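**Student:**
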Amino acid sequence: MLEIGLVMLQGSRQAHVDAIGRASERMGFEVNIREIRTPDDLLESTLQALILPGGESTTMRKVGGQGGTGVLEQIYRELREKPNFPVLATCAGAILLADPQDGGPPIIKATVDRNAWGRQIDSFLGRVSVNDQDEHVECAFIRAPRFTSAREECTIAKVGDEPVGVRENNLIALTFHPELSTSTIFHEMLLEAAASNGNRVKA
Ligand code: GLN
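Start counting at 1 in the sequence shown, then tack on 19, and there's your number in the working numbering.
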């Protein structure tokens, strides 16, 4: 049984639950999703991976940051202690990992520029290539950020030549919403990392 934490701040959380359900069925894993709302939810749990959904990073910081529940600071602390811990961070989730704003170093080294594709009306479906394969996955970019720096060797997803997904150790950060696509390839990556990784947030 894999225990996957789902950070309940904003974003299409049910779509992530559905995607994990489909991915785990394909892979033959039993998965339990644990909703993470407070620092205690993290401390008390034995998670093997975490999903940090998108939304609006400013709002997520207000709700989950120091002035709110503090769950984000707890997540950043845990991830700095366990750099190999599997995380799937999508869109605003990727922004938070690149720029945690808690006084500590970034969780991922890639840097992002918020809303860099334009306004909400400029949101689009992008043809995402995964690990330079010929096949493409159609994914939603919703007022998405853009990577301003991403190491080639960490890039796992591209639209054309542009990096839109990176993987640093088991930290998977995507500027788009894989949970809204029919493919479960990125959720499968997370489960694969969780299954092959003995790391837990708390033993
Ligand atoms: N524009 C949002 C932000 O800056 C991210 C959008 C998303 O997560 N879909 O936080």
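Virtual Cβ for every residue (Gly too), placed ideally from N, Cα, C. The structure presented is a predicted model; accordingly, all values stated were derived computationally and were not measured.
Measure the CB-CB distance between Leu107 and Ile70 and report whether it falls below 8 angstroms.
**Tutor:** Translated into positions along the sequence shown, residue 107 becomes position 88. Translated into positions along the sequence shown, residue 70 becomes position 51. Yes, they are a contact pair.
**Student:** Between the segment 70-88 and the segment 108-121, do at least 3 Cβ pairs fall closer than 8 angstroms?
**Tutor:** At 8 angstroms Cβ cutoff, the stretches touch.
**Student:** Short of 8 angstroms in beta carbon distance, which residues of its chain neighbour Val82, apart from the five on each side in sequence? Order them along the chain.
**Tutor:** On the sequence shown, position 63 is the one that residue 82 refers to. The residues are Leu28, Gln29, Thr88.
**Student:** Would the beta-carbon of Cys11 be found less than 7 angstroms away from any heavy atom of the ligand GLN?
**Tutor:** It is not possible to answer for residue 11, since the shown part of the chain is limited to 20 through 222.
**Student:** Is Gly9 a contact residue of the ligand GLN, with contact defined as CB to any heavy atom under 7 angstroms?
**Tutor:** In this structure the chain extends from 20 to 222, so residue 9 is not present and cannot be described.
**Student:** Under 8 angstroms by Cβ, that's how I've got Arg165 and Cys173 pegged, so tell me the actual separation to the nearest angstrom.
**Tutor:** In the sequence shown, counting from the first residue as 1, residue 165 sits at position 146. In the sequence shown, counting from the first residue as 1, residue 173 sits at position 154. That belief does not hold up - the Cβ atoms of Arg165 and Cys173 are roughly 15 angstroms apart, past 8 angstroms.
**Student:** In this structure, does DSSP put Pro58 in helix, strand or coil?
**Tutor:** Here residue 58 refers to the residue found at position 39 when the sequence shown is read from its first residue. Looking at Pro58 - three-state DSSP - the assignment turns out to be helix.
**Student:** Nearest by alpha-carbon distance to Ser76: which of Gln67, Val131, Cys158, Thr201 is it?
**Tutor:** Against the sequence shown, residue 76 aligns to sequence position 57. Here the closest residue by C-alpha is Val131.
**Student:** For His155, which option in Leu144, Ile161, Arg162, Ala163 has the closest C-alpha, if you only look at C-alpha atoms?
**Tutor:** Residue numbering aside, residue 155 sits at position 136 when the sequence shown is read from its first letter. The shortest C-alpha separation from His155 is found at Leu144.
**Student:** DSSP three-state call for Arg186: helix, strand or coil?
**Tutor:** Stepping through the sequence shown from its first residue, residue 186 is reached at position 167. Three-state DSSP puts Arg186 in a strand.
**Student:** Assuming contact is defined by CB atoms lying nearer than 8 angstroms, are Leu12 and Ser43 in contact in what I supplied?
**Tutor:** Any answer about residue 12 is impossible in this case: the structure gives the chain only from 20 up to 222.
**Student:** Suppose you measure from the CA of Leu115 to the CA of Tyr95; what does that come to, to the nearest Å?
**Tutor:** As a working note, residue 115 is residue 96 in the sequence shown. As a working note, residue 95 is residue 76 in the sequence shown. For Leu115 and Tyr95, the distance between alpha carbons rounds to 9 angstroms.
**Student:** Would DSSP call Val203 helix, strand or coil?
**Tutor:** On the sequence shown, position 184 is the one that residue 203 refers to. Going by the sequence as given, residue 203 is Thr instead of Val. Note: Thr203 maps to coil in three-state DSSP.
**Student:** Use the C-beta contact count for Gly122: other C-beta atoms within 10 angstroms, 16 or more gives buried, fewer gives exposed.
**Tutor:** What you label residue 122 is simply residue 103 of the sequence shown in a count that begins at 1. Result: exposed.
**Student:** Could you tell me the distance, in whole angstroms, from the CA atom of Arg2 to the CA atom of Ile23?
**Tutor:** An answer regarding residue 2 cannot be provided, because it is not within the stretch 20 to 222 covered by the chain.
**Student:** Secondary structure at Leu144, three-state DSSP: helix, strand or coil?
**Tutor:** Sequence index remark: in the sequence shown, residue 144 carries index 125 (1-based). In the structure shown, Leu144 sits in a strand (DSSP, three-state: E or B).
**Student:** Just how far apart, CA to CA, sit Cys93 and Pro58?
**Tutor:** As a first step, residue 93 must be located in the sequence shown, where it is residue number 74. As a first step, residue 58 must be located in the sequence shown, where it is residue number 39. This sequence places Gln at residue 93; Cys is not what is there. Rounded to the nearest angstrom, the two C-alpha atoms are 6 angstroms apart.
**Student:** Whole angstroms is fine: what's the gap from Ala213's alpha carbon to Thr167's?
**Tutor:** Taking the first residue of the sequence shown as position 1, residue 213 is located at position 194. Taking the first residue of the sequence shown as position 1, residue 167 is located at position 148. Their Cα atoms are separated by approximately 28 angstroms.
**Student:** If you measure from the CB of Pro164, is any heavy atom of the ligand GLN nearer than 7 angstroms?
**Tutor:** Here residue 164 is taken as the residue at index 145 of the sequence shown, counted from 1. Yes.
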